[in-house]
Amino acid sequence: MTNGSKTLLSAGMTVTDLDGGQAVCFSAAPNAEAWDAALAAGQDELRRFGRDGPTELEVEAAVAKVRNSVRSDVTTAPTQLSSSLATYLAQALAEGWVVMEPRASLRAFNQAVEEVTPPTSRPPSPPTGRVRGPS
1 MTNGSKTLLS AGMTVTDLDG GQAVCFSAAP NAEAWDAALA AGQDELRRFG
51 RDGPTELEVE AAVAKVRNSV RSDVTTAPTQ LSSSLATYLA QALAEGWVVM
101 EPRASLRAFN QAVEEVTPPT SRPPSPPTGR VRGPS
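Per the UniProt record's numbering, the sequence shown starts with residue 1, numbered consecutively.
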């Protein structure tokens, strides 16, 4: 989250895909006792994101975060225990997940994000509803 004020020590958002929808959680660590100002700053940022979509820097940061995770899988693959791999593959099979060799996953990811820019990653619609703070 980009915020030029000193209101927020940190902030972030997580999105979880659910059957038929998504759960979005905004979290903020306010500076001192400034939760109301931090909440207002967070609401402003969420509105900006809903209206304008992600900035180029936000897209680059998100792509880099996922790429680093996939790259880590490539690095650690040779040291993975067979029992751990077998458990993961059994779970993937049961859940219907697609499993790829880590280097193939990295290639596929790089190809998929080659053309990702802020306009192509714009959210489908602005968030609705009102965000409420602590009571």
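Just so it is clear, CB atoms sit at the ideal spot from N, CA and C, and this is done for glycine as well.
Everything numeric in this text was worked out from a predicted model, so none of it was measured.
Under 7 Å between the Cβ atoms of residue i and residue j?
| i | j | result |
| --- | --- | --- |
| P102 | V74 | yes |
| N31 | L46 | no |
| F109 | V70 | yes |
Give me the Cβ distance between residue i and residue j, rounded to the nearest whole Å; I'm assuming they're in contact under 8 Å.
| i | j | result |
| --- | --- | --- |
| A29 | A11 | 7 Å |
| V24 | V63 | So it is not a contact: roughly 20 Å between Cβ atoms. |
| T16 | Q22 | 7 Å |
| L89 | V98 | That belief does not hold up - the Cβ atoms of L89 and V98 are roughly 12 Å apart, past 8 Å. |
Within the present structure, is the beta-carbon of residue i separated from the nearest heavy atom of the ligand FAD by less than 6 Å?
| i | result |
| --- | --- |
| L89 | Among the components of this structure there are no ligands whatsoever, and the ligand FAD is therefore not found. |
State buried or exposed for residue i, treating a residue as buried only when at least 16 other CB atoms are found within 10 Å of its CB.
| i | result |
| --- | --- |
| L93 | exposed |
| A38 | buried |
| T7 | buried |
| R132 | The predicted position of R132 is uncertain, since its pLDDT is 49 and thus under 50; no value can be drawn from it. |
| P78 | exposed |
Which one or two residues does DSSP pair with residue i in a beta bridge?
| i | result |
| --- | --- |
| S10 | A29 |
| G21 | L18 |
How is residue i classed by DSSP in three states: helix, strand or coil?
| i | result |
| --- | --- |
| Q43 | helix |
| E115 | coil |
| T55 | coil |
| E101 | coil |
| A34 | coil |
| G50 | helix |
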